[in-house]
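Undergrad: So the sequences go chain by chain: A and B. In short: position in the first sequence from 1, add 685, done, that's this note's numbering. In short: position in the second sequence from 1, add 685, done, that's this note's numbering. Even for Gly, the Cβ is constructed at its ideal location relative to N, Cα and C. Here it is, the structure in full.
2 protein chains.
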Amino acid sequence: MKTIRLALLGFGNAGQAFARLLTEKQEELISTLDTRVLVSAIATNRKGTLLAEGQEGLNLSNLLHDLKKTGRFSRDEGKTALQVAEDAEYDILVELTPLDIFSGEPAISHIKAGLNRGKHVITANKGPVAWAYRELKELAADKGVDFLCETTVMDGTPVFNLVRETLPFCRVTEVSGILNTTTNFILEEMEAGRSFEEALEEGRRRGFVEADPSADLDGWDAAAKVAALMNVLMDAGITPLQIDRKGIGGVTAEIIKEAGDRGKSIKLLCRGWLEDGIPHGKVGPEEVDRKSLMAVIDGTSSLVSIQTDLMGKLSVLEHNPEIEQTAFGIFADMTTIVKRQEK
Amino acid sequence: MKTIRLALLGFGNAGQAFARLLTEKQEELISTLDTRVLVSAIATNRKGTLLAEGQEGLNLSNLLHDLKKTGRFSRDEGKTALQVAEDAEYDILVELTPLDIFSGEPAISHIKAGLNRGKHVITANKGPVAWAYRELKELAADKGVDFLCETTVMDGTPVFNLVRETLPFCRVTEVSGILNTTTNFILEEMEAGRSFEEALEEGRRRGFVEADPSADLDGWDAAAKVAALMNVLMDAGITPLQIDRKGIGGVTAEIIKEAGDRGKSIKLLCRGWLEDGIPHGKVGPEEVDRKSLMAVIDGTSSLVSIQTDLMGKLSVLEHNPEIEQTAFGIFADMTTIVKRQEK
């Protein structure tokens, strides 16, 4: 039986859901992949940092219990995430630290530290994929390790894994979709007659609107996702700065009403394509027919459409995800790495 | 460099598109998979049957040219598809003979002949998957070979490969969708005010309505696809006879108009689920909200939604496929088999 040790950087909702999933699937991982998966380190800013003593890994059930009771781990090794990436013992680094959408740091540095040591890296943080994918991918290739990021767009819903594993020999020529929940929800609520402020408040109450929603409202989150999609699927080598970006700030109740009278909805559309080999990306509010696919993406659901040379166009939808779907994406990437070790 | 030899049973539009794709991708298969793919036999009822002489495989460009010119191959070895499956030299049998939706034969016998010889089998024929999947899958497992069938539901759009390759450890608990083009198109046209006969005629003109459309209109095609989905994804071990099936015969212009007045569309919905572990399948016309995902599946597009334990619900859409998408599904299955040989 093989043993795979994970170091988790960050342990918020997604990290905790992933730890629960690992605990649940421990026996099945052993029986189907002949692999014992251990967590050898967890680094956080505010809950403490844990390093496993000996070869058994951290006791996930116990530390989840501690967290629930006190909001902190029962001890703290006093290491930073970067120190853990650089020094701890692990086989796969799992980057789950908070996103800085305007730089991708410090996650990029964490990932580089892991890759430079010849460790596999999984990131659920879209920053590094939007800002530095090509460099990180090349570093991973140099070191002969994997750098996987399924969760960065549409949580665990297969997008990157879909193209890599099920569309062999296909070139992706265009991506499009609805990728930002906050703006999609607000536009939908405004169409139903609520004010922008009411919609924002309702989104906050339901837990998916950030304390500071400006990165969502201004289209930065969507632009980062377009950059991530284009970098991974089209080798675009671009950053969110190169995406033609417009938020929903200018979309008034009147504009929505007037579009509605013509059978149209306003959606924040995302699109990336190649023109004479040059990558172009765009995010902005656009009118779509109410009987179109884009128009029916509601609630917290998302859509990615992929145009390919060999398989025409296909679309993947995620329906109202919970945090468990984020955890699943990390788990799926981990499974990919474990399976590749078998070869 | 490895060599993989294919025997094609049937050589209609899908087989010919597959042959063109193979020719186009020949060099790339060699450079990326270190594998030369040859066609060592093609069996047809009406165009003749060809067996390759020597080790070079059939010249696909030449025989496609012959077909275009005369509708037949330039020679005929006089063998049946079953004889080719039983006797020809090949590594992968590709079953593309015409569908018998009420029995799955003779495709089931062809596939058994290949599997019994320890050969991999790819089928684009949904009959065997709807009627005999469990038996064929078990036979393949006994012989240590692959039995793949991506193309049988939504052409090359990843459904079976999606679940197998990108949803590790997930249990599928429900499948649903819109899977029959003929009925979907007719219902859409009737909603737009055309008569049933006009819609049928237009579908024929556009090439996707069969000479005898009764298997589509009565829901048999959809029932076979539900059975196939449930057999592959949920190990249901059922046949189309066990699907609660209703066609669109009873759907009148008045019913559609009356539903439309209430903001509803009528769609032929497909659904398969487990109830206390027992598989249930259903096909029939149902009302859906015009602002729902089901309602916007139009033209010749299709939809499969998959409910899982770990990844929640996701959906995959195929947008107005052409025959090249069928060819791609066969090609993707072939690639899977070639890659597994590498291990």
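(1) Would you mind sorting residue 812 (chain A) into buried or exposed? The rule is 16 or more other CB atoms within 10 Å of its CB.
(2) Short of 7 Å Cβ to Cβ, which residues in the segment 981 to 999 of chain A face chain B?
(3) Taking 8 Å as the CB-CB limit, is residue 711 (chain A) close to chain B?
(4) Which residue spans inside the segment 960 to 985 of chain B form an unbroken beta strand (DSSP E) run of at least 3?
(5) For the beta strand (DSSP E) containing residue 805 (chain A), name the first residue and the last one.
(6) State the start and end residues of the unbroken alpha helix (DSSP H) segment that holds residue 722 (chain A).
(7) Just checking, does the segment 914 to 928 of chain A make contact with the segment 873 to 893 of chain A on the three C-beta pairs under 8 Å criterion?
(8) Using 8 Å for Cβ pairs, my map puts residue 954 (chain A) next to residue 861 (chain A). What's the rounded Cβ distance?
(9) Which class does residue 705 (chain A) belong to by DSSP, given the choice of helix, strand or coil?
(10) What's the gap between the Cα of residue 707 (chain A) and the Cα of residue 751 (chain A)?
(11) Tell me where the alpha helix (DSSP H) around residue 838 (chain B) begins and ends.
(12) For residue 1011 (chain B), would you say it is in contact with chain A, using Cβ-to-Cβ distances shorter than 8 Å as the test?
(13) With a CB to CB cut of under 6 Å and the five nearest residues on each side skipped, what residues in its chain are close to residue 735 (chain A)?
(14) If we ignore side chains and look at the alpha-carbon of each, how far apart do residue 872 (chain B) and residue 974 (chain A) end up?
(15) Between residue 779 (chain B) and residue 807 (chain B), is the Cβ-Cβ spacing less than 8 Å?
(16) Counting only runs of 3+ residues fully inside the segment 743 to 787 of chain A, write out the beta strand (DSSP E) ranges in chain order.
(17) Which residue comes first and which comes last in the beta strand (DSSP E) that contains residue 1010 (chain B)?
(18) Can you list, in chain order, the residues of its chain whose CB lies under 6 Å from that of residue 1029 (chain B), leaving out five sequence neighbours each side?
(19) What residues from chain A crowd round residue 977 (chain B), counting only those whose CB sits closer than 8 Å?
(20) Should the segment 984 to 997 of chain B be called in touch with the segment 894 to 908 of chain B, which here means at least 3 C-beta pairs below 8 Å?
(21) Assuming residue 797 (chain B) contacts residue 824 (chain B) (C-beta within less than 8 Å), just tell me the rounded distance between them.
(22) Starting from residue 931 (chain A) and walking both ways along the alpha helix (DSSP H), at which residues does that stretch end?
(23) For chain A, is any of its Cβ atoms less than 8 Å away from the one on residue 841 (chain B)?
(24) Can you name the residues that DSSP bridges to residue 859 (chain A)?
(25) What's the C-alpha gap between residue 763 (chain A) and residue 769 (chain A)?
(26) Check the Cβ-Cβ distances between residue 1017 (chain A) and every residue of chain B, and say whether any is below 8 Å.
(27) Taking only beta carbons into account, state which residues of the segment 848 to 870 of chain A come closer than 9 Å to chain B, listed in chain order.
(28) Roughly how many angstroms lie between the CA atoms of residue 713 (chain A) and residue 854 (chain B), to the nearest whole one?
(29) Under a three-way DSSP split, which group does residue 891 (chain A) fall into?
(30) Which residues in chain A have a C-beta closer than 8 Å to the C-beta of residue 1020 (chain B)? List them in chain order.
(31) Which residue from B:980, B:964, B:963 puts its Cα closest to that of residue 971 (chain B)?
(32) Helix, strand or coil: which one does DSSP assign to residue 714 (chain B)?
(33) Please classify residue 982 (chain A) as buried or exposed, where buried requires at least 16 other C-beta atoms within 10 Å of its C-beta.
(34) Between residue 805 (chain B) and chain A, is the shortest Cβ-Cβ distance under 8 Å, so that the two count as touching?
(35) Between the C-alpha atoms of residue 700 (chain A) and residue 788 (chain A), what's the straight-line distance to the nearest angstrom?
TA: So, to answer that:
(1) Burial check for residue 812 (chain A): the Cβ neighbour count within 10 Å reaches 16 or more, so the residue is buried.
(2) Using a CB distance below 7 Å, the part of the segment 981 to 999 of chain A facing chain B consists of 981, 995, 996, 997, 998, 999, ordered along the chain.
(3) Judged by the 8 Å Cβ criterion, residue 711 (chain A) is not in contact with chain B.
(4) Annotation: the segment 960 to 985 of chain B contains the following complete segments of the beta strand (DSSP E) (minimum length 3 residues), in chain order: 963 to 974.
(5) The continuous beta strand (DSSP E) containing residue 805 (chain A) extends over residues 805 to 808.
(6) DSSP places residue 722 (chain A) outside any alpha helix (DSSP H); the residue lies instead in the beta strand (DSSP E), whose first and last residues are 720 to 728.
(7) With the cut-off at 8 Å, the segment 914 to 928 of chain A and the segment 873 to 893 of chain A do not touch.
(8) So it is a contact: roughly 7 Å between Cβ atoms.
(9) The three-state reading of DSSP puts residue 705 (chain A) in helix, counting H, G and I together.
(10) For residue 707 (chain A) and residue 751 (chain A), the distance between alpha carbons rounds to 17 Å.
(11) Per DSSP, residue 838 (chain B) is not a residue of any alpha helix (DSSP H), being assigned neither H nor E.
(12) By this cut-off, residue 1011 (chain B) is not an interface position.
(13) Scanning its chain for C-beta atoms nearer than 6 Å, with the 5 sequence neighbours on each side dropped, one finds around residue 735 (chain A) the residues 727, 743, 758, in chain order.
(14) Annotation: residue 872 (chain B) to residue 974 (chain A) spans about 20 Å, alpha carbon to alpha carbon.
(15) Going by C-beta atoms, residue 779 (chain B) is nearer than 8 Å to residue 807 (chain B).
(16) Counting only runs of 3+ residues, the beta strand (DSSP E) found wholly inside the segment 743 to 787 of chain A occupies 777 to 780, in chain order.
(17) Where residue 1010 (chain B) is concerned, there is no enclosing beta strand (DSSP E), although the alpha helix (DSSP H) around it starts and stops at 1008 to 1027.
(18) Residue 1029 (chain B) is absent from the structure shown; chain B starts at 686 and stops at 1028.
(19) Result: 981.
(20) No, the segment 984 to 997 of chain B does not touch the segment 894 to 908 of chain B.
(21) Residue 797 (chain B) to residue 824 (chain B), Cβ: 7 Å. Contact.
(22) Looking at the DSSP string, residue 931 (chain A) is not in any alpha helix (DSSP H), and its letter there is neither H nor E.
(23) Answer yes: the Cβ-Cβ gap between residue 841 (chain B) and chain A drops below 8 Å somewhere.
(24) Residue pairing for residue 859 (chain A): DSSP places it in a beta bridge opposite A:958, A:992.
(25) Residue 763 (chain A) and residue 769 (chain A): Cα-Cα distance of roughly 10 Å.
(26) For residue 1017 (chain A), at least one C-beta of chain B is nearer than 8 Å to its own C-beta.
(27) For the segment 848 to 870 of chain A, the set of positions with a beta-carbon nearer than 9 Å to some beta-carbon of chain B reads 849, 850, 851, 852, 853, 854, 855 in chain order.
(28) Within the model, the alpha-carbon separation for residue 713 (chain A) versus residue 854 (chain B) is close to 8 Å.
(29) Coil at residue 891 (chain A), not helix or strand.
(30) 853, 854, listed in chain order.
(31) Of the listed residues, the one whose Cα sits closest to residue 971 (chain B) is B:980.
(32) In the structure shown, residue 714 (chain B) sits in a helix (DSSP, three-state: H, G or I).
(33) Residue 982 (chain A) sits buried, since 16 or more C-beta atoms from the chains shown fall within 10 Å of its C-beta.
(34) No, residue 805 (chain B) does not count as interfacial toward chain A.
(35) Those two C-alpha atoms are separated by around 22 Å.
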